[in-house]
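In the working numbering, the protein residues as written are 67 to 377.
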């Protein structure tokens, strides 16, 4: 099993570390455009192998996609954050160009690769990869909901003062502060609805804190988070690599599910060999449907900025 991580920054390095520690991949290739950066990160991580007890081989390369040849799974974390004075259109234009070029280079050397998109705006970048590469929808997956759901579970466990392992909860919809749809009505603690433990006011507080989870961390850290995104990606990669048929909410190209077409947005899927095994169309309340529809409208608006790139 060979996994490639594009981008050796905080998120890419975190993905690489967690994948290696979980010890299911034979080889992890870390690629970056900054001279020597990926090589240095790879060497540093390999020097932890005897300490952390993993046998995966980690190698780094500066822009040489031939080193990624034969990858089963590739994770794209590359792109830039929005800078002061930069418009959303400018950010999307830059990151879209990066994601498109990276995707094409990966497929050139690994035609059967499954792509996991982490770059932001994530749902739009996933849609771009789907349209630009022409890969089957099962092989284009956006991180989104897997990370948002982990944050949702953390907030619920915090509110109930219980282990997060007891929480069952999911976030669907767009990966943005306004687009997330935490399914609070379906959230449970050991199969008991969380409404039995928390007031309506507290539940709403949990929902709102989940939706701004990324922004909260960015404010505290001065940059985007990386531990939780890396862990979320590693679990998705592991599910595909081991054909475990685990369920994750991920950004996926919908073709009629939930009444939505031609859009990549968060929905529950089964992950296994070759990527998405099945998109699950779970029953939603009227309120949840309304929120998902509203989220999709916002994602479509952002997707509209890709028109020039997809020509």
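Glycine included, each C-beta is placed from N, C-alpha and C at the ideal position.
Here residue 345 is bridged, per DSSP, to 335. For residue 208, the pairing in a beta bridge is given by DSSP as 183, 317. Collapsing the DSSP output to three states places residue 98 in a strand. Sorting 186, 134, 118 by C-alpha distance to the C-alpha of residue 146 places 186 at the top. The stretch 128-143 makes contact with the stretch 175-189; the number of CB pairs closer than 8 Å reaches 3 or more. Counted as a single uninterrupted DSSP element, the beta strand (DSSP E) harbouring residue 141 occupies residues 139-142. Using a 10 angstroms sphere on the CB of residue 258, the tally of other CB atoms stays under 16, which defines it as exposed. Residue 68 and residue 267 have their C-alpha atoms some 47 Å from each other. As the crow flies, the alpha-carbon of residue 336 is around 5 Å from that of residue 311. In the DSSP assignment, residue 248 falls within the beta strand (DSSP E) that extends over 246-248. Excluding five sequence positions before and after residue 175, the CB atoms of its chain that fall closer than 7 Å to its own CB belong to 131, 132, 134, 135, given in chain order. Here residue 110 is exposed, its C-beta having fewer than 16 other C-beta atoms within 10 Å.
Note that the C-beta distance between residue 207 and residue 331 is not below 8 Å. The bridge partners DSSP lists for residue 237 are 248. For residue 288, there is no enclosing beta strand (DSSP E), as DSSP marks it with neither H nor E. When the five nearest sequence neighbours on each side are left out, the beta carbons in the same chain lying within less than 6 Å of the beta carbon of residue 95 are those of 70, 125, 133, 134, in order along the chain.
Approximately 7 Å separates the beta-carbon atoms of residue 122 and residue 93; this is inside 8 Å, confirming the contact. Under the criterion of beta carbons closer than 8 Å, residue 245 and residue 365 qualify as touching, at roughly 6 Å. Shown here, residue 156 sits in a helix according to DSSP, grouped into three states.
The residues 194, 197, 198, in chain order, have a CB closer than 8 Å to that of residue 376 in the same chain once the five nearest residues on each side in sequence are set aside. DSSP places residue 367 inside the alpha helix (DSSP H), whose first and last residues are 352-369. By the criterion of at least three beta-carbon pairs nearer than 8 Å, the stretch 300-308 is not in contact with the stretch 225-244.
Of all alpha-carbon atoms in 72, 217, 178, 79, the one lying nearest the alpha-carbon of residue 166 is that of 72. By the neighbour-count criterion, in which 16 or more other beta carbons inside 10 Å mark a residue as buried, residue 293 falls on the exposed side. When C-alpha distances from residue 243 are compared across 254, 283, 204, the shortest belongs to 283. Per DSSP, reduced to three states, the secondary structure at residue 254 is strand. Within the same chain, Cβ atoms closer than 7 Å to the Cβ of residue 108 are found at 96, 124, 125, 126, the five residues on either side in sequence being excluded. Rounded to the nearest whole angstrom, the C-alpha separation of residue 239 and residue 302 is 18 Å. Going by DSSP, residue 123 is part of the beta strand (DSSP E) stretching over 123-128. In this structure, DSSP gives residue 311 a state outside helix and strand, which the three-state scheme calls coil.
Within the DSSP secondary-structure output, residue 259 pairs in a beta bridge with 254. DSSP links residue 69 through a beta bridge to 94, 139. DSSP lists 321 as the beta-bridge partner residues of residue 327.
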